[in-house]
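Under this note's numbering, the residue at position 10 of the sequence shown is numbered 283, and the numbers go up by one with no gaps.
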Amino acid sequence: MILVTGATGQVGSDLVPALRALQGADRVVASGRRVVPSSPTRGRYESLDVTDLAQLETLVRRYEIQTIYHLAGMLSARGEQQPERCWQVNVGGLQNVLNLAQRYHLKVFWPSSIAAFGPSTPKFQTPQDTVQAPTTLYGITKVTGELLCQYYAQQFGVDVRSLRLPGLVSYRAQPGGGTTDFAVEMFYAALQNRPYTCFVQPDTRLPMMYMPDAVEAILQLMRARPEVLSVRSSYNLAAVSFSAQELATEIRRRVPGFTCRYQPDFRQAIANSWPVTIDDSRARQDWGWQPVYGLSNLVKEMLQQLASRLPLPQADCRQKIEFEEVSC
Ligand code: SER
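Right, dumping it as structure tokens:
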């Protein structure tokens, strides 16, 4: 049996259906802070606070859990606003999961992030092993988490696996409280015929990934034979890097008339502290990682998927995105 924490969040909203399709709906227990999940999830759902060890252990025992995808966590921008809670959830929650993993011989997936790097890290082709001195509390929880994972793997033989995820772009769930959220919000504005005010400068370039690539990477890493894994802290992972302006331009090619203006706020400093491109050669060598989506197919598919899900204010929106590659 599989337990997914943070199942209604950004990654969970895509990973849970993928796991249910692969493993069987009955074998996946989704859990989250909400008493009732926001969207009807087919299959089991339990309300869970990951900082509560007893509650977590009850679920592990009741469902005879063998694998935990521990996705519950607070993102970077919200973490800066609630630093104490961010530490409790991100570090305390992970420590609870790792303690139970040791006791019940569980396999664990946990997401780290590009936020585990800071301003003194090389910004281009950031290596797997490099300076990790982040300036956000979120980043500090990610470095701590990576070290905890490595420690539990080395000292206690816990089979924990992790990826440093880039900014994620997905259509199922909106992120909440992240610095890379602008990349998702832009699509909603474009399809609703609204101008978008972007909270980072046009030339802010960050590592990004379309969610299907991220889900595939997680599944691939968890399928890999343990002996091929040379990294037990967290693997660098990359797909594409683009600036806010490049994204806006690519969206405008398919949604003519979309406008974006730039009004940086406190999230600019967070974005500036992160890498621009990532060297993910260890993931490629060890377990065959290969992304599918670049900027153009990401934008095309994201618009198509969102258009069929969003209540659109203007009937011509759907038609508009069928104009492909409109120059601007
Ligand atoms: N996408 C995350 C954020 O913006 C980084 O991991 O906080």
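Even glycine gets a Cβ: it sits at the ideal position worked out from N, Cα and C.
Environment of residue 588 [buried if 16+ CB atoms lie within 10 Å]: Bear in mind that the predicted position of residue 588 carries a pLDDT of just 43, short of 50, making it too unreliable to give a figure here.
Buried versus exposed, by CB contacts within 10 Å (16 or more), residue 357: exposed
Extent of the continuous alpha helix (DSSP H) to which residue 560 belongs: 554-560
Short Cβ contact (8 Å threshold) for residue 282 with residue 301: no
Residue 588, DSSP secondary structure in three states: Interpretation of residue 588 is limited by its pLDDT of 43, a score under 50 that renders its predicted location unreliable; the figure taken from the coordinates is listed afterwards. If DSSP states are grouped into helix, strand and coil, residue 588 belongs with coil.
N- and C-terminal bounds of the alpha helix (DSSP H) containing residue 460: 455-464
Residues of its chain near residue 547, where Cβ-Cβ distance is below 7 Å and the 5 sequence neighbours each way are ignored: 387, 388, 390, 479
Distance between beta carbons of residue 384 and residue 344, contact taken as under 8 Å: 6 Å
Residue from 424, 322, 444, 528 with nearest C-alpha to residue 578: 444
Pick from 275, 540, 410 that is closest to residue 378, judged by C-alpha positions: 275
At least three beta-carbon pairs within less than 8 Å, the stretch 509-524 to the stretch 425-434: no
Supposed contact pair residue 495 and residue 439 - C-beta distance, whole angstroms, cut 8 Å: Not a contact, Cβ separation roughly 19 Å.
heavy atom of ligand 1 below 7 Å from residue 512 C-beta: no
Three-state class that DSSP yields for residue 594 in the structure shown: At residue 594, the pLDDT of 41 sits below 50, so the modelled position is not reliable and the matter cannot be decided from this model.
Cross-strand partners of residue 515 (DSSP beta bridge): 479
Cβ-Cβ distance between residue 510 and residue 552 below 8 Å: no
heavy atom of ligand 1 below 7 Å from residue 551 C-beta: no
Residue 342 Cβ short of 7 Å to ligand 1 heavy atom set: no
Buried or exposed by the 16-neighbour rule on C-beta atoms within 10 Å, applied to residue 503: exposed
Reduced DSSP secondary structure (H/G/I, E/B, other) of residue 429: helix
Check: residue 349 C-beta below 7 Å from any heavy atom of ligand 1: yes
Three-state class that DSSP yields for residue 470 in the structure shown: strand
Nearest neighbour of residue 395, chosen from 575, 562, 549 [CA to CA]: 549
Identity of the residue in 392, 305, 425, 469 nearest residue 545 by Cα: 392
DSSP state of residue 574 mapped onto helix, strand, coil: helix
Beta-bridge pairing of residue 380 - partner residues as DSSP gives them: 340, 432
Inter-residue Cα distance where the pair is residue 541 and residue 285: 27 Å
Cβ pair count under 8 Å reaching 3, the stretch 324-341 against the stretch 363-375: yes
beta-carbon residue 566 near ligand 1 non-hydrogen atom, thresh 7 Å: no
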